[in-house]
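Quick notes on the structure that follows.
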Ligand code: ADP
Ligand code: MG
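Encoded structure:
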């Protein structure tokens, strides 16, 4: 019966919709499983985060210069596909270091690697990997604690059997990650789990920022695999990953999703789905399309069968002559297949709506990047004020005030006058940026307070009460500015999602 065609028609239509949105689905079975998925597993590094880690600090013991430590680590990491390894290599290149070719390299996926560089035995990787191979250093624990607070990743380096130093890397959460997770929940995902080879405290900081349901840290590739297998009993599972070491987990999940672009070949082969566009929100879109397509398929079949049964009933009692019955059945089949084709028109949340031009998004992003040092300066000033002599406080504060008044406040004014009205046009609705605008007023209020406090300061500097008051304003300003910038970045990025 052509009725049965309704299912493949709707499914193939859904796959074609996904392909148009840059999501490659390798077969109808994958789409059907995607539609039923309840549990989502995410790898952290390179998937929830952008995988473009920046090297922010080098801790090196007394025996070795920081640049030499970086050079040796990067030389070894040249042969690794890991995103963190690639970040270390580019950091070394940016600093103009000449890398050597390593030999005898052995990599343990998701942990690190060992090899010989310039006749020295070098090990690079996570703390647990390196500390098993080398005698540890007394600063390690303190270093680890510090990285745990702000969710930065640490990579340890051992040379000739002793831990020689560590690299601190910050891998920012993707701009679209929070929105993507929200959309996925809206599309029906019940449980979101973060799987990572990184340390517990780091993983939990990131997990808390994103609001995932569970964080599984210190996971070796085989642990990730076991976690997915264990989840099978409680419903359909999706695993999203990017690295070579995610391949077993991707293969074990009902639907394995590889983050394309950089997506190591190994992980896209193990995956049933590839996100060709390096945006996590496309996964939410694909899930939505899959659900709708499946619902349309089921609806078509049920409606078609119902109509056929009714027609057969009429035919049986003689109200429908055979010829008319055959024509009616044809009509039902055609109607059902046309209905199934509706799956071609399932739209993403912002598809077809006006989008922020890529150039405009880049301009807004550059503007923020230029102001970022001022944000850093607010926090740095707060730290400074508690250390420097009271007499110097006034000058320090005056410097900061000048920066704020000259660069930051004009930027916020510009946002209110020009950027927000344009953004509101794109979002639509009545005053959608009202809450964001409120942030501008708070920023202006706090910087005015700071200005007044600064001009009230006498030569000898603030007394302890006044200092406490100044610090309160500085910390408040720091927190609000960070949040405000992050919110704006997220809004702009979601609008830049072009059709
Ligand atoms: P995730 O599961 O979050 O993607 P991984 O399991 O891939 O993380 O890696 C865990 C940790 O192992 C990293 O944070 C890093 O410290 C270390 N590591 C793994 N491979 C390498 C490598 N090639 N070079 C340096 N460090 C590595
Ligand atoms: Mg990874």
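Residue numbers (the working numbering): 108 to 606.
Where is the CB? At the ideal position from N, CA and C, for every residue including glycine.
If you're wondering where the values come from, they're calculated on a predicted model, not measured in any experiment.
Just how far apart, CA to CA, sit residue i and residue j?
{"i": "residue 606", "j": "residue 158", "result": "Caution applies to residue 606, whose pLDDT of 45 falls short of 50 and renders its modelled position unreliable; the model cannot decide the point."}
{"i": "residue 119", "j": "residue 443", "result": "15 angstroms"}
{"i": "residue 571", "j": "residue 253", "result": "28 angstroms"}
{"i": "residue 213", "j": "residue 350", "result": "17 angstroms"}
{"i": "residue 426", "j": "residue 418", "result": "9 angstroms"}
{"i": "residue 478", "j": "residue 594", "result": "15 angstroms"}
{"i": "residue 430", "j": "residue 535", "result": "54 angstroms"}
{"i": "residue 486", "j": "residue 515", "result": "15 angstroms"}
{"i": "residue 185", "j": "residue 160", "result": "15 angstroms"}
{"i": "residue 128", "j": "residue 387", "result": "12 angstroms"}
{"i": "residue 550", "j": "residue 142", "result": "44 angstroms"}
{"i": "residue 582", "j": "residue 375", "result": "45 angstroms"}
{"i": "residue 542", "j": "residue 283", "result": "20 angstroms"}
{"i": "residue 364", "j": "residue 150", "result": "11 angstroms"}
{"i": "residue 399", "j": "residue 293", "result": "13 angstroms"}
{"i": "residue 215", "j": "residue 288", "result": "31 angstroms"}
{"i": "residue 267", "j": "residue 329", "result": "29 angstroms"}
{"i": "residue 191", "j": "residue 311", "result": "19 angstroms"}
{"i": "residue 447", "j": "residue 403", "result": "6 angstroms"}
{"i": "residue 528", "j": "residue 222", "result": "57 angstroms"}
{"i": "residue 225", "j": "residue 247", "result": "25 angstroms"}
{"i": "residue 552", "j": "residue 380", "result": "49 angstroms"}
{"i": "residue 537", "j": "residue 415", "result": "48 angstroms"}
{"i": "residue 519", "j": "residue 494", "result": "31 angstroms"}
{"i": "residue 462", "j": "residue 507", "result": "36 angstroms"}
{"i": "residue 483", "j": "residue 339", "result": "46 angstroms"}
{"i": "residue 557", "j": "residue 490", "result": "16 angstroms"}
{"i": "residue 589", "j": "residue 347", "result": "29 angstroms"}
{"i": "residue 434", "j": "residue 422", "result": "12 angstroms"}
{"i": "residue 601", "j": "residue 353", "result": "27 angstroms"}
{"i": "residue 297", "j": "residue 218", "result": "30 angstroms"}
{"i": "residue 454", "j": "residue 130", "result": "14 angstroms"}
{"i": "residue 318", "j": "residue 326", "result": "20 angstroms"}
{"i": "residue 234", "j": "residue 597", "result": "33 angstroms"}
{"i": "residue 413", "j": "residue 420", "result": "11 angstroms"}
{"i": "residue 456", "j": "residue 291", "result": "12 angstroms"}
Considering only residues of the same chain and omitting the five flanking positions on each side of residue i, which have a CB-CB separation below 7 angstroms?
{"i": "residue 546", "result": "587 and 591"}
{"i": "residue 125", "result": "132, 393 and 396"}
{"i": "residue 277", "result": "160, 161, 163 and 259"}
{"i": "residue 569", "result": "497, 500 and 577"}
{"i": "residue 531", "result": "539 and 540"}
{"i": "residue 281", "result": "155, 156, 157 and 387"}
With a cut-off of 8 angstroms on the beta carbons, I'd call residue i and residue j a contact; round off their distance for me.
{"i": "residue 177", "j": "residue 165", "result": "6 angstroms"}
{"i": "residue 603", "j": "residue 468", "result": "4 angstroms"}
{"i": "residue 313", "j": "residue 148", "result": "About 15 angstroms; that fails the 8 angstroms criterion."}
{"i": "residue 504", "j": "residue 481", "result": "Their Cβ separation, rounded to whole angstroms, is 14 angstroms, which puts residue 504 and residue 481 out of contact at 8 angstroms."}
{"i": "residue 122", "j": "residue 342", "result": "The pair is not a contact, with the Cβ atoms about 22 angstroms apart (cut-off 8 angstroms)."}
{"i": "residue 174", "j": "residue 204", "result": "6 angstroms"}
Run through the DSSP bridge pairs and tell me what residue i is partnered with.
{"i": "residue 156", "result": "280"}
{"i": "residue 490", "result": "For residue 490, which the question treats as bridged, DSSP gives no partner whatsoever."}
{"i": "residue 642", "result": "Any property of residue 642 remains undetermined from this structure, which presents the chain solely from 108 to 606."}
{"i": "residue 210", "result": "223"}
{"i": "residue 298", "result": "146"}
{"i": "residue 544", "result": "For residue 544, which the question treats as bridged, DSSP gives no partner whatsoever."}
{"i": "residue 164", "result": "275"}
{"i": "residue 260", "result": "276"}
{"i": "residue 266", "result": "229 and 269"}
{"i": "residue 132", "result": "380"}
{"i": "residue 321", "result": "300"}
{"i": "residue 365", "result": "348 and 381"}
{"i": "residue 242", "result": "269"}
{"i": "residue 215", "result": "219"}
Which same chain residues, not among the five before or five after residue i, have their C-beta less than 6 angstroms away from its C-beta?
{"i": "residue 255", "result": "308 and 309"}
{"i": "residue 501", "result": "564"}
{"i": "residue 548", "result": "none"}
{"i": "residue 358", "result": "377"}
{"i": "residue 522", "result": "none"}
{"i": "residue 332", "result": "355, 356 and 359"}
{"i": "residue 450", "result": "117, 120, 121, 400 and 403"}
{"i": "residue 198", "result": "162"}
{"i": "residue 230", "result": "221, 237, 240 and 265"}
Among residues of its own chain, excluding the 5 on either side of residue i, which ones have a beta-carbon nearer than 8 angstroms to its beta-carbon?
{"i": "residue 193", "result": "184 and 187"}
{"i": "residue 566", "result": "498 and 501"}
{"i": "residue 344", "result": "144, 145, 146, 147, 148, 335, 338, 360, 361 and 362"}
Is the closest heavy atom of ligand 4 to the C-beta of residue i under 8 angstroms?
{"i": "residue 216", "result": "Of the ligands this structure carries, namely ligand 1 and ligand 2, none is ligand 4."}
- Task: Report yes or no: do three or more beta-carbon pairs, one from the region 262-273 and one from the region 425-441, lie closer than 8 angstroms?
- Result: no
- Query: Given 8 angstroms as the limit, is there contact between the region 401-420 and the region 113-131, that is, 3 or more CB pairs closer than that?
  - Reply: yes
- Could you tell me whether the region 321-328 touches the region 298-308, where touching means 3 or more Cβ pairs closer than 8 angstroms? yes
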